[in-house]
Amino acid sequence: MPYALVWFRHDLRLDDNPALRAALDEGYTPVPVYIRAPQEEGDWAPGGASDAWLHRSLEGLDADLRARGSRLVLRRGASAAVLDALLEETGAEAVFWNRKYEPATQPRDAALKKALRERGLRVESFNGSLLFEPWDLATQQGGPYKVFTPFWRSALAQWRAPATWDAPGTLPAFDAAWQGESLDAWCLTPALGWDAGFWETWTPGEAGAREAVEVFIDGALNGYRADRDRPDRVGTSKLSPHLHFGEIASWRITAELERARTAANSADMDGYIRELGWREFAYHLLHHFPHTPTQNLNPRFAHFDWAKVDPDVLAAWQRGRTGVPIVDAGLRELWATGYMHNRVRMIVASYLVKHLRYHWSHGARWFWDTLVDADLANNTLGWQWVAGTGADAAPYFRVFNPVTQAEKFDPKGQYIARWVPELADVPLPLRFAPWQKPDVLAHVAPDYPRRPLVDLAEGREGALTAYRKTGD
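This is the structure:
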C-alpha cells in the first residue's frame with residue numbers, strides 16, 4: 005500500500021477524523037504526524053496552559069494509535085521543511101490534513117497545498133472542526149454576518165450534520181525506522197508544576213472527551229438553560245477544551261445529544277446546541293475579520309479613551325486580588341484549574357474593560373496564556389463582546405455590577421467561598437461586598453484587600469464618560 009502523511013493539528017482524535025478516513029478509504033497506509041511549530045502561529049503561539057494540555061492530549065493520541073498498530077510521529081520545525089523531510093523518508097504519495105482557520109495558519113496551509121500539488125503529490129484538506137465552515141453562510145447581500153441571531157437562523161435552515169464515523173480497530177503499521185522526537189523533549193509541561201490542580205478536573209484526550217459528553221448528558225444537561233449561568237452549580241458541559249483540541253467533533257456531540265433527546269430535556273438540549281452555534285459564529289467572524297484578535301471590529305472605538313495601564317493593578321486583577329470577591333474567585337479558579345465559568349468570565353472581563361477601563365487586549369492575552377480552552381476565535385469574540393467593540397456586542401454602556409451579579413448567580417456565596425476561602429466565614433450579605441464593613445473584614449479576613457482597586461460607582465461613571473466622548 006502507498007503511504008500518505010496524515011498531518012494532525014487541532015483534530016487530536018481518531019473517530020470522526022476526515023483526513024484519516026480519506027487516507028484509509030483511498031487505500032493509503034496513514035503515517036500520522038504532529039508538527040510542533042508555534043512560531044507559525046503569528047502573535048498567538050499557544051500559551052502555557054494550552055501546552056500543558058497538548059502534552060497529555062498527544063500522549064493519548066499516540067496511545068490510541070499504538071493500540072491499533074500505528075503510532076504518532078512527532079517532529080518540530082518549519083512545517084514545510086518537516087513535511088518535505090518526511091515525504092523524502094517515507095516516499096509518501098499524499099498528504100491529508102484537517103483545516104485550521106486562524107489568520108496566520110490559513111495562508112500557510114494554502115501555500116503548502118499549492119507547492120506540494122505542483123510537485124505532483126496528492127494533497128487534500130477537510131473540515132474536521134465545524135458544523136459550518138466560515139464561508140458556508142452569508143447574508144442575502146453575500147457578506148458575512150455580524151449578528152448572531154440571523155447567523156444561527158441561517159445555520160439551522162441549512163443544518164446537515166455529517167454522519168459519525170468510528171475509527172477502525174486496527175491501522176496498518178509503517179516502517180519503524182521513521183522516527184519522531186520524544187514528547188518530553190518538547191518541555192510542554194511546566195517545570196514548576198503549576199498545572200497540578202488542572203488534572204483533578206480534566207482528562208485530556210479523546211477518551212476524556214467522550215466521557216465528558218456522557219457525564220454532561222447524564223447530569224448538567226438536565227436544567228442546562230437555568231443552571232449554565234450559576235458558577236455555584238455543575239451546570240455546564242466542560243467540553244470547550246476538548247473541542248478546541250479537536251478531541252471530539254462537534255457533530256459527534258450533537259449526535260449523542262439527539263440520541264438522548266426526550267421531551268423533558270429537549271429545551272435544555274437546544275439551548276446547548278445554540279451555544280455550539282456561538283462557537284461557529286466566532287470562527288465565522290475570525291475568518292472574515294482576521295484583524296480582530298488585536299483590533300476593534302467596530303471602528304468607532306479606534307480612539308476610545310482607554311486608561312493607562314498600571315502594571316501593579318493589572319497584576320492584582322490577574323492574580324485575583326481586586327478586592328471584588330466574585331472577580332477574584334473567577335481569576336483564582338482560572339489559575340488553579342485552567343478554566344473559568346462562562347458567566348464569571350463576563351463579570352471578570354467587564355470589570356477590567358469597564359471599571360478599570362483597560363483595553364480588552366490585556367485580558368485576552370491573560371486568558372490566552374492561562375486557559376486550557378484558549379481558542380483564538382472564541383477568545384476574540386468573548387472579549388470584544390464584553391468590551392462592546394465587536395460583532396453583536398453588548399453595548400459599551402452596559403456595565404456589569406459585580407456585586408449584583410454575584411448576588412444573582414452565586415446567591416449563597418458558595419462559589420466565592422470556594423475560590424476565596426478567606427471570605428468563607430464572612431457573613432453572607434457581606435461576602436459579596438466586604439469593603440462595606442471594613443472592621444468585620446479586618447477581623448475575619450485580614451489578608452484580603454480592604455477595598456476594590458477602583459470604586460465601582462466611580463469606575464462605572466468613568467467608563468460611561470469615556471463612552472460619551474466617542475460621539476454616539
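Numbering (the numbering used here), first residue to last: 5 to 476. C-beta: ideal position from N, C-alpha, C; glycine also.
Exposed or buried, residue i, counting other C-beta atoms within 10 Å across all chains shown (16 or more means buried)?
{"i": "Arg436", "result": "Reading the sequence as shown, one finds Phe at residue 436 and not Arg. Classification of Phe436: buried, given that the 10 Å Cβ count is 16 or more."}
{"i": "Ala381", "result": "buried"}
{"i": "Arg325", "result": "buried"}
{"i": "His288", "result": "buried"}
{"i": "Val430", "result": "buried"}
{"i": "Pro415", "result": "exposed"}
{"i": "Ala307", "result": "The identity of residue 307 in the sequence shown is His, whereas the question assumes Ala. So His307 counts as exposed."}
{"i": "Lys473", "result": "exposed"}
{"i": "Thr174", "result": "exposed"}
{"i": "Gly201", "result": "exposed"}
{"i": "Phe75", "result": "The question names Phe, but residue 75 in the sequence shown is Arg. Answer is buried; the Cβ neighbour count reaches 16."}
Can you round the beta-carbon distance between residue i and residue j to whole angstroms, since I take them to be within the 8 Å contact cut?
{"i": "Val352", "j": "Gly327", "result": "Val352 to Gly327, Cβ: 13 Å. No contact."}
{"i": "Ala41", "j": "Gly81", "result": "7 Å"}
{"i": "Trp387", "j": "Gly417", "result": "Contact doesn't hold; Cβ gap of about 27 Å is too wide."}
{"i": "Leu18", "j": "Ala171", "result": "4 Å"}
{"i": "Trp372", "j": "Gly51", "result": "5 Å"}
{"i": "Ile221", "j": "Ala159", "result": "Ile221 to Ala159, Cβ: 22 Å. No contact."}
I need the boundaries of the beta strand (DSSP E) containing residue i, first residue and last residue.
{"i": "Asp7", "result": "The identity of residue 7 in the sequence shown is Tyr, whereas the question assumes Asp. Run containing Tyr7: 7 to 12, per the beta strand (DSSP E) assignment."}
{"i": "Trp101", "result": "98 to 102"}
{"i": "Ile252", "result": "Premise fails: Ile252 is in no beta strand (DSSP E) and is neither H nor E."}
{"i": "Pro34", "result": "33 to 40"}
Determine whether the beta carbon atoms of residue i and residue j lie at a separation below 8 Å.
{"i": "Ser354", "j": "Val376", "result": "no"}
{"i": "Leu495", "j": "Ser254", "result": "Residue 495 lies beyond the residue range present for the chain, which begins at 5 and ends at 476; the question has no answer from this structure."}
{"i": "Ala224", "j": "Glu97", "result": "no"}
{"i": "Asn269", "j": "Gly394", "result": "no"}
{"i": "Pro294", "j": "Val424", "result": "no"}
{"i": "Phe413", "j": "Arg347", "result": "yes"}
{"i": "His59", "j": "Gly250", "result": "no"}
{"i": "Leu434", "j": "His359", "result": "no"}
{"i": "Leu192", "j": "Glu63", "result": "no"}
{"i": "Leu65", "j": "Leu141", "result": "no"}
Whole angstroms is fine: what's the gap from residue i's alpha carbon to residue j's?
{"i": "Asp47", "j": "Trp198", "result": "24 Å"}
{"i": "Asp20", "j": "Arg336", "result": "36 Å"}
{"i": "Val317", "j": "Val448", "result": "24 Å"}
{"i": "Trp156", "j": "Trp339", "result": "33 Å"}
{"i": "Pro450", "j": "Thr205", "result": "30 Å"}
{"i": "Ile39", "j": "Ser83", "result": "7 Å"}
{"i": "Lys118", "j": "Pro315", "result": "46 Å"}
{"i": "Leu125", "j": "Val313", "result": "52 Å"}
{"i": "Leu24", "j": "Ala410", "result": "46 Å"}
{"i": "Val86", "j": "Arg79", "result": "7 Å"}
{"i": "Lys441", "j": "Ser244", "result": "39 Å"}
{"i": "Gly73", "j": "Met5", "result": "15 Å"}
{"i": "Val331", "j": "Pro406", "result": "7 Å"}
Below 7 Å, is the gap between the Cβ of residue i and the nearest heavy atom of the ligand SAH?
{"i": "Val328", "result": "This structure lacks the ligand SAH, and indeed carries no ligand of any kind."}
Could you spell out the range, first to last residue, of the alpha helix (DSSP H) harbouring residue i?
{"i": "Glu337", "result": "329 to 341"}
{"i": "Val317", "result": "315 to 322"}
{"i": "Val407", "result": "406 to 413"}
{"i": "Arg121", "result": "109 to 122"}
{"i": "Arg70", "result": "52 to 71"}
{"i": "Glu462", "result": "460 to 472"}
Could you tell me whether any Cβ in chain B is nearer than 8 Å to the Cβ of residue i?
{"i": "Leu261", "result": "No chain B appears in the structure shown, which is made up of a single protein chain."}
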